[in-house]
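One structure is given below, encoded as structure tokens.
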Amino acid sequence: MNAEAFKAALQVFPGGVNSPVRAFKSVGSNPLFIKKAYGSRVVDVEGREYIDYVGSWGPMILGHADPDVVAAVCHAAVSGLSFGAPTEAETELALLVREAFPVIEKMRLVSSGTEATMSAVRLARGYTGRPLIIKFDGAYHGHADSLLVAAGSGVATLAIPGCPGIPDDIAANTLVLPYNDVGALQACFERYAGKIAGLIVEPVCGNMGVVNPSAGYLETLRRLCSEHGALLIFDEVMTGFRGCFGGVSRISGVKPDLTCLGKIVGGGMPLAIYGGRAEIMAHIAPDGPVYQAGTLSGNPVAVAAGIVTLKKIKSQPDFYEHLLARTAKLEAGIAAAANAAGLKVVSNRFGSMFTMFFADQSVVDYQSAKASDTVLFARWFSGMLAEGIYLAPSQFEAAFVSAAHSDADIHRTIVAATHVFKTLAA
Ligand code: HOZ
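Here the sequence shown is numbered in numbering that gives the first Met the number 0, starting from 0 and rising by one per residue.
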């Protein structure tokens with residue numbers, strides 16, 4: 000039973016979980032314990048099946064336990080779980096990634112998104128010889144000290160004002176600005192001229208819920224970084240491969256100096272990447288002095304999962320057409336159901352990820368995201384769960400649609416949403 004599993008977990012894990020976003024704290028209930036997953040479904044320890052829109056927080060774009068990915072993982076595993084030495088498969092994965100992200104001329108494989116962003120920031124500082132980093136309020140780039148300032152995702156969900164354990168002099172090197180505010184950005188670059196090493200941005204935010212950049216915003220980020228000698232870092236851990244075989248850099252044409260990827264590049268296994276202009280990456284050891292390392296970097300089992308995932312996506316010419324059409328249908332169906340029940344919602348989407356906010360004003364930054372009705376969100380979440388729909392347990396996260404979500408799944412989800420909105424409106 001979920002209750003017993005949670006009770007046992009509470010004995011050994013803080014909050015009974017191994018990552019805060021898994022706790023259902025902000026929605027006032029206890030987490031489900033998952034026994035297995037396949038296609039668009041997760042199954043809990045009680046044998047109850049749910050249509051899943053968490054997708055392990057993004058990586059499962061092919062659906063859970065895709066047979067080709069599982070076969071590749073098994074095949075790799077029997078040849079050895081870890082070598083701590085180079086493999087040819089790493090290069091094969093890197094070439095696929097470079098095809099999708101031409102802005103990544105050279106890269107380093109790591110094991111998590113946190114490692115990727117932390118290393119990219121270190122590289123920006125090492126390359127420029129400058130101390131300061133700009134990030135945006137409510138953006139989340141993993142839990143490295145210098146990036147866990149005014150963060151989104153679980154930090155926003157749990158409303159943690161500032162994280163103890165991060166020394167003030169480290170936090171002071173991170174400048175936090177409102178997203179989508181050009182004036183604040185210009186003023187910041189002028190005030191700290193010559194001191195800003197880089198600007199890290201989720202080019203489409205996912206960790207305050209999905210928030211798109213306003214027209215021309217990414218171009219402005221690029222221009223200001225270039226003018227002031229700062230590196231532009233795109234954190235595409237969430238957005239990578241979610242809208243096309245590539246990322247926001249491909250769709251927008253805005254070229255960052257460095258890019259961070261995670262989630263889908265590992266096909267559900269622990270793998271992430273940072274990379275960018277070859278001349279900048281030449282500063283990474285052993286070519287250069289900026290040190291970054293990892294025994295499990297380029298782990299052969301994770302690399303095998305990543306290669307098959309990317310190859311499967313690439314080999315289907317209409318992959319994104321179908322995926323995006325289904326996501327748009329789901330998003331529109333849910334929004335229409337809310338409106339029909341007289342509830343005000345705002346829906347933001349990028350590719351196959353979206354967030355519906357219980358808000359009556361556009362959501363363009365963290366302030367407007369925070370203005371949404373999180374109490375109503377908690378009731379919506381619980382109602383959908385009771386209907387067999389598994390959503391992220393926070394207003395400040397995204398729903399992910401996979402290629403395994405069928406038209407029937409989308410239809411069933413919209414019917415469930417219609418029931419739940421009616422209850423909320425009653
Ligand atoms: N980026 C994920 C949340 N948006 C991270 C999941 C986690 O923290 O466990």
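The beta carbon of each residue, even a glycine, is placed where N, CA and C say it ideally should be.
These figures come from a predicted structure and were not determined experimentally.
At a cut-off of 8 Å, the beta-carbon of N1 does not count as near the ligand HOZ: no heavy atom of the ligand is closer than that.
According to the DSSP assignment, G197 belongs to the beta strand (DSSP E) that extends over 195-200. Annotation: the continuous beta strand (DSSP E) that includes A36 extends over 33-37. In this structure, DSSP gives E48 an extended state, which the three-state scheme calls strand.
With a threshold of 8 Å, the Cβ atom of R241 does not count as near the ligand HOZ, since no heavy atom of the ligand is closer than that.
Going by C-alpha positions, V53 is about 6 Å away from A391. Assigned with DSSP and collapsed to three states, Y273 falls in strand. At a cut-off of 3 residues, the continuous stretches assigned as beta strand (DSSP E) that sit fully inside the region 340-412 are 345-349, 352-356. Collapsing the DSSP output to three states places F233 in a strand. Here DSSP, grouped into helix, strand and coil, assigns F82 to coil. Excluding the 5 residues flanking it on each side, F399 has same chain C-beta neighbours closer than 8 Å at Y52, V53, G54, W56, G57, M59, I60, R241, S351, M352, in chain order. Look at the region 68-115 and you find these whole runs of alpha helix (DSSP H), each 4 residues long or longer: 87-99. Taking the Cβ of G205 as the reference point, at least one heavy atom of the ligand HOZ falls within a distance shorter than 8 Å. Bridge partners of L309 according to DSSP: none are assigned.
T294 carries a coil assignment under DSSP once its states are collapsed to helix, strand and coil. Looking only at F380, L231, H404, A402, the smallest Cα-Cα distance to S393 is reached by F380. Residue environment: G112 is assigned as buried (16 or more neighbouring CB atoms within 10 Å of its CB, all protein chains considered). Short of 7 Å from the beta carbon of T412, and not among the five residues preceding or following it, lie these beta carbons of its own chain, in chain order: I50, L329, I388. The region 189-207 and the region 241-256 touch, with no fewer than 3 CB-CB distances between them shorter than 8 Å. Distances between the C-beta of A171 and the heavy atoms of the ligand HOZ are all 8 Å or more. Residue pairing by DSSP puts H63 in a beta bridge opposite G38. Taking each of I272, L323, A8 in turn and checking the Cα distance to N17, the smallest one comes out for A8.
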